[in-house]
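Chains as they are written, first to last, in my numbering: chain A, 25 to 584; chain B, 18 to 217.
All residues carry an ideal CB built from backbone N, CA and C; glycine is no exception.
Structure first, then comments.
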Amino acid sequence: MDPQSTSFPDTQRQSSWLLSSRRLLCFWLVTLALVARAEPPVASSEDVELGRRIYMEGILPSGEPLKGKRQEAVQVEGAEAACETCHRRSGMGSLEGNIVITPITGRFLFATDENRPLALVDPRAPKNLTRAHTPYTEESLAKVIREGIDVSDRTLSPLMPQYALSDVEIKAVLAYLRQLSSEVSPGVGDETLHFATIVAPDVDPKQREAMVDMMRTAFAQRNASQKVYSGRMRMPIDLIPRTLRNWKLTVWELQGAQETWGTQLAENYQREPVFAVISGLSNTTWAPVHSFCQQEKLPCLFPSVTLPPAETAFYPLYYSRGVALEADVLAKHLRDQGKNTPRRLLQVYRDNKVGRGASLALTEAMKGSEIQVENRVLYGDEPIELKAALKGLSSKDAVMLWLRPADLSAVNKAAPKQLPAVTYVSGFLAADNYDFVPKTWKSHVRVVYPYELGAKRQKNVAAMKEWLKTWQLPLVDEAFQTEVFFNLLFLTDLTSQILDNLYRDYLVERAEDMLSLDSNVSAYPHLSLARGQRFASKGAYIARFAPDGNLVADSEWIVP
Amino acid sequence: MSLRAALTLIIFFAAFFSPRPLLAGESNDGQKTDAPEYARALANYDTPDVAVIRQDGKKLSFGKELDDGRPVILNFVFVSCSAICPMLSHLFSKVQTKLAKDGQKAHMVSISIDPENDTPAKLAEYAKKFGAGSDWNFYTGTREVSIAIQKAFNAYRGDKMNHTSIILMRAKPGKPWLRVEGFLSPDAVAREYHTMLQQP
Chain A
25 MDPQSTSFPD TQRQSSWLLS SRRLLCFWLV TLALVARAEP PVASSEDVEL GRRIYMEGIL
85 PSGEPLKGKR QEAVQVEGAE AACETCHRRS GMGSLEGNIV ITPITGRFLF ATDENRPLAL
145 VDPRAPKNLT RAHTPYTEES LAKVIREGID VSDRTLSPLM PQYALSDVEI KAVLAYLRQL
205 SSEVSPGVGD ETLHFATIVA PDVDPKQREA MVDMMRTAFA QRNASQKVYS GRMRMPIDLI
265 PRTLRNWKLT VWELQGAQET WGTQLAENYQ REPVFAVISG LSNTTWAPVH SFCQQEKLPC
325 LFPSVTLPPA ETAFYPLYYS RGVALEADVL AKHLRDQGKN TPRRLLQVYR DNKVGRGASL
385 ALTEAMKGSE IQVENRVLYG DEPIELKAAL KGLSSKDAVM LWLRPADLSA VNKAAPKQLP
445 AVTYVSGFLA ADNYDFVPKT WKSHVRVVYP YELGAKRQKN VAAMKEWLKT WQLPLVDEAF
505 QTEVFFNLLF LTDLTSQILD NLYRDYLVER AEDMLSLDSN VSAYPHLSLA RGQRFASKGA
565 YIARFAPDGN LVADSEWIVP
Chain B
18 MSLRAALTLI IFFAAFFSPR PLLAGESNDG QKTDAPEYAR ALANYDTPDV AVIRQDGKKL
78 SFGKELDDGR PVILNFVFVS CSAICPMLSH LFSKVQTKLA KDGQKAHMVS ISIDPENDTP
138 AKLAEYAKKF GAGSDWNFYT GTREVSIAIQ KAFNAYRGDK MNHTSIILMR AKPGKPWLRV
198 EGFLSPDAVA REYHTMLQQP
């Protein structure tokens, strides 16, 4: 059965005593439906574009900035006055505190009882759904925009500015709202919701397998639970129809040079358009995927990558800035050292995208400091080459090793006679492999550590460990796997919040708000986004080894 | 028909055919309320002994910042917030102008509730955008510090997106705080401020 056509109880129909007379109700509905249908159904693309500029940018057709007035002449202007600021790109609204900003797309404004869509306006209170109202007309829309009085004759919150728009401008806004989020996004089939995950060519096969197995298992678990969904009634929202579509996962395996990834992605996408990309794995660049997501307006949620592109865009969301964040954290830490400031900072890295990116970020972050930064590129695979890279150290130097476990394993053999004051290691790149640290070095090694530590960490990740055990999946890399696990739970959460309003922009907006995120199951201390924010974790610890060998915090959580 | 019966009938018909619900503000979607109103209350709050960072990057004692002798007007905002905070900050901007006109020297204090994103540099930019003068400062700090301050003023709602519009004012250290919640006009804030100062 097509889930779209599922009939459901008339829960959201306005139960006002005013409408208790069925005849009166029918009369009004027919009248209003006729009025609504009398509107021109198709607007010119010119109107839509003028409306888009007002809605998204706060620019009037004249080129003047849009001006809105809140109580007692508190003015808003231009981009700040744009409808998108609160009603968002999708037009599906948002929520701040106890202020609900309702959906204002044509589907919601002009809905009649026969075609009324439903949205959850407050994910924290699952009974708070959009409520029925008489359909708007051009006239009532003008009134609510100009005077803040809605179609039910109620005054809107003072948060909603009043706009002195001309008839032409109202028409343009109306044309834009009619087409806004009017069709579900690509990747939404009648019975299937398509998702992809993306794997770059260079990754550790064990990591790849762990990620894909976790995702397939979670998808299967989710689809199985949907089948018994009708039997589950814990909360009011369980009575509300929402997407029952099966989730389908497809793995896009990239091959060859990164210059060809864009074409490969386009081919994959053409074969099977997806609603969103969930997780993903790369040890080198992610830039081509980032660009593809933005170009296709495709949400790409939280891939496991060590160096996301520095330039943010709307559709790709990340856990953190990766090694660039570590560079900034280390720089801040070194600047705050006072008397213990090292004379020189020597950074060792591989001549690849991540190595160059990390070292460049650290050089940039250290600019203006009295600490002299020196770059050493590691070539070849023999310990002697690492030894050469570490040549000439003194006890007044500090070292930063932007190296992965395979290179770090040579540290023991390459250890110079004269130990540096401190050796820092990248937590992202070391991926919790610290066996390499020689005993004599342990007290001199610090890890720039982007995850939570100790008991809090154990509490955060316990849910995933139990889940892995239940489904007999291996624990390969805890921090990485919690990224995948968090993403899967978050996706479940997001899709249940958006009900059947399967618009990609809305998905990203709900992700930005991270509203009902009451449990953090990731290895990060806390994750948080907001409108315009694209990196959910924003700091790191400097950690040291306790006598029992465990990592413990040696600094507070540093946010550069 | 008696006058009372006639009145009852009129009210009945008016209510029956009115498109408005009888109780304004009853809606559960929060958006629709009648005339803007706000709640006010006096309360004593203990200032937490924490270190904050001002928008100019200076690390300062929060207690000392509040107790420098000037009356305080305080709110909670964050830079990425698109609805309530810009409105609150516009309001503060207007209040700043009003107080300056009246020759008043209040310390206006805006605390970030998204401190990990709101670095001093971002706050300085935000302050500039709203025309904050030398008497209006923005503060950030660690996440724990921001939460401690929010909790001290009974303004912590678990997540930044749950925040509401709250303004707190105090004439001087040792005096109770005046807490106003809701949507106030710049005039209403100035009025409340002046009334507060006149209290013995």
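- Is the Cβ of S129 of chain B closer than 9 Å to any Cβ of chain A? Chain A contact via Cβ: absent.
- The beta strand (DSSP E) with S190 of chain A in it runs from where to where? Per DSSP, S190 of chain A belongs to no beta strand (DSSP E) and is neither H nor E.
Residues from the region 93–105 of chain B in contact with chain A, defined by Cβ distance under 8 Å | Per Cβ criterion, the list reads F95, S97, C98, S99, A100, I101, P103, M104.
Quiz prompt | Span of the beta strand (DSSP E) around R196 of chain B | solution = Note, R196 of chain B: beta strand (DSSP E), 194–199.
What residue range is occupied by the uninterrupted beta strand (DSSP E) comprising V223 of chain A?
Residues 216–223.
Exercise for review: Look up R568 of chain A in the DSSP assignment and give the residues it is bridged to.
Suggested key: Note: R568 of chain A is bridge-paired with A:V576 in the DSSP secondary-structure output.
Give the range of the alpha helix (DSSP H) segment to which R57 of chain B is assigned. Not the alpha helix (DSSP H): R57 of chain B falls in the beta strand (DSSP E), residues 55–60.
- Task: Within the same chain, show all residues whose beta-carbon is closer than 6 Å to that of G592 of chain A, passing over the 5 residues directly before and after it, in chain order.
- Result: This structure does not reach residue 592 of chain A, given that chain A is present from 25 up to 584, and the question cannot be answered.
*In the DSSP assignment, find the alpha helix (DSSP H) that holds H180 of chain B and state where it starts and stops.*
No alpha helix (DSSP H) contains H180 of chain B, which DSSP labels as neither H nor E.
Checklist entry - What are the residues that DSSP puts in a beta bridge with F155 of chain B? => result According to DSSP, which records beta bridges pairwise, F155 of chain B is partnered with B:S127.
Would DSSP call K272 of chain A helix, strand or coil? Note: K272 of chain A maps to strand in three-state DSSP.
**Collapsed DSSP secondary structure at Q496 of chain A in the structure displayed** = Three-state DSSP puts Q496 of chain A in coil, outside helix and strand.
*Buried or exposed for I566 of chain A, please, with buried defined as at least 16 other CB atoms from any protein chain shown within 10 angstroms of its CB.*
By the 10 Å Cβ count, I566 of chain A comes out buried.
Review point. Comparing alpha-carbon positions, which option in B:G191, B:D63, B:P88, B:T159 lies nearest D152 of chain B?
Key: Among B:G191, B:D63, B:P88, B:T159, the Cα nearest to that of D152 of chain B belongs to B:P88.
Is the CB of F155 of chain B under 9 Å away from at least one CB in chain A? Closer than 9 Å: no.
*Nearest candidate by alpha-carbon position, reference G130 of chain A, set A:W465, A:P147, A:T161*: If you compare the alpha carbons of A:W465, A:P147, A:T161 with that of G130 of chain A, the shortest gap goes to A:T161.
Q371 of chain A and S383 of chain A - do their beta-carbons sit closer together than 9 Å?
Q371 of chain A is positioned such that its CB atom lies closer than 9 Å to that of S383 of chain A.
Discussion item. Could you give the first and the last residue of the continuous alpha helix (DSSP H) run that contains W285 of chain A?
Written reply: Counting along the chain, the alpha helix (DSSP H) containing W285 of chain A begins and ends at 285–295.
Fill in: C-alpha gap between P571 of chain A and D578 of chain A, whole angstroms
Taken atom to atom, the span from the alpha-carbon of P571 of chain A to that of D578 of chain A is near 13 Å.
**Request:** Could you say which of A:A199, A:R481, A:S552, A:S206 lies nearest to R140 of chain A if we only look at CA atoms?
**Result:** Among A:A199, A:R481, A:S552, A:S206, the Cα nearest to that of R140 of chain A is on A:S206.
Q.
Applying the 10 Å Cβ sphere with the 16-neighbour rule, what's the burial state of A220 of chain A?
A. Buried, by the Cβ-count rule.
Buried or exposed by the 16-neighbour rule on C-beta atoms within 10 Å, applied to D459 of chain A: Its Cβ having fewer than 16 others within 10 Å, D459 of chain A is exposed.
Query raised in the report: So what's E161 of chain B in DSSP terms, helix, strand or just coil?
Result: Residue state, collapsed to three classes: helix.
field: Which of helix, strand or coil DSSP assigns to V124 of chain A
entry: Reduced to three states, the DSSP call for V124 of chain A is strand.
At least 3 beta-carbon pairs within less than 8 Å: the region 329–347 of chain A vs the region 391–407 of chain A = No: the two stretches stay apart, fewer than three of their Cβ pairs being nearer than 8 Å.
Practice item. Verify whether the separation of the beta carbon atoms of M125 of chain B and Q113 of chain B is less than 9 Å. Key: Contact annotation: M125 of chain B and Q113 of chain B have beta-carbon atoms nearer than 9 Å.
Going by beta-carbon coordinates alone, are D421 of chain A and L402 of chain A separated by less than 9 Å? A distance of 9 Å or more separates the beta carbons of D421 of chain A and L402 of chain A.
Contact with chain A by S202 of chain B, beta-carbon distance below 9 Å: Output row for S202 of chain B: interface = yes.
* **Expected contact under 8 Å - CB spacing of S97 of chain B and N134 of chain B to nearest Å** => About 6 Å separates the CB atoms of S97 of chain B and N134 of chain B; that is less than 8 Å, so the two are in contact.
Taking a cut of 8 Å between CB atoms, which residues from the region 99–120 of chain A lie near chain B?
-> Residues passing the 8 Å Cβ filter: Q99, V100, E104, T109, C110, S118, L119, E120.
Checklist entry - If you draw a straight line from the C-alpha of A455 of chain A to the C-alpha of R359 of chain A, how long is it? => result Taking the straight line from one Cα to the other gives about 26 Å.
Next on the checklist: In this structure, how does DSSP classify Y173 of chain B when only helix, strand and coil are distinguished?
Outcome noted: Coil.
Practice item. Indicate whether at least one CB of chain B lies closer than 9 Å to the CB of N122 of chain A. Key: So, interface residue.
Please report how far the alpha carbon of K356 of chain A lies from the alpha carbon of Y143 of chain B, in whole angstroms.
-> As the crow flies, the alpha-carbon of K356 of chain A is around 23 Å from that of Y143 of chain B.
- Query: From what residue to what residue does the alpha helix (DSSP H) around G92 of chain A run?
  - Reply: Taken as a continuous stretch (DSSP letters only), G92 of chain A belongs to no alpha helix (DSSP H), being part of the beta strand (DSSP E) at 91–94.
Worksheet item: What residues of chain A sit near M178 of chain B, judged by a beta carbon separation below 8 Å?
Response: Listed by position along chain A, the residues whose Cβ is nearer than 8 Å to that of M178 of chain B are L119, E120, G121, D537, M538, L539, A554.
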